[in-house]
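Working notes for the structure below.
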Amino acid sequence: MFVDLPLGEPDPMTRLRAVNRETRERKTHHDAEAVYDALELLERVTPPLAAVAERLLKNPREFILNISNVPGPRSEISVLGRRVRNLYSFAEIAERHPVRIAAVSLCDTMQFGVLTDPELVPGTDALAAGIEVSTAELLSA
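Under our numbering, the first residue of the sequence shown is numbered 1229, with each subsequent residue one higher.
Structure follows, in structure tokens:
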């Protein structure tokens, strides 16, 4: 699913509402499923055209960022009788996915993990700092 990010919007709550509104709309249209269904149909009908469409979708100029909004445990959890104090998120980079941002929640805390291919994506520290700044803005809004 492709969404526009309101990067120039100064108000954090307006940014959050805009992303929420657009992702909700995209999900109701089932964009991802429609693309996969179309590619599958093209593959059966005309494989050469399917290959062209797939190359266009995997254009290296397209930026792919995977985000999930599945919450973690809302109450304390334990493993082998020991309370879990922190959860740390991790998402591996892969071909055509040089940036991965993962977040996981536990009770009232949220942990973010940022992993990049430094040869393709410079400025990982600035990206991580931006996440911290934006999170602080949301918490104080």
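From the three backbone atoms N, C-alpha and C, an ideal C-beta is built for every residue, glycine too.
Between the C-alpha atoms of residue 1269 and residue 1283 there is a straight-line separation of about 16 Å. Under the criterion of beta carbons closer than 8 Å, residue 1334 and residue 1320 do not qualify as touching, at roughly 21 Å. Residue 1250 is positioned such that its CB atom lies closer than 8 Å to that of residue 1231.
When the alpha-carbon of residue 1329 is set against those of 1313, 1314 and 1360, the nearest one is in 1360. Membership of residue 1252 in the alpha helix (DSSP H) is indicated by the continuous run 1240 to 1257. When rounded, the separation of the alpha-carbon atoms in residue 1240 and residue 1298 is 21 Å.
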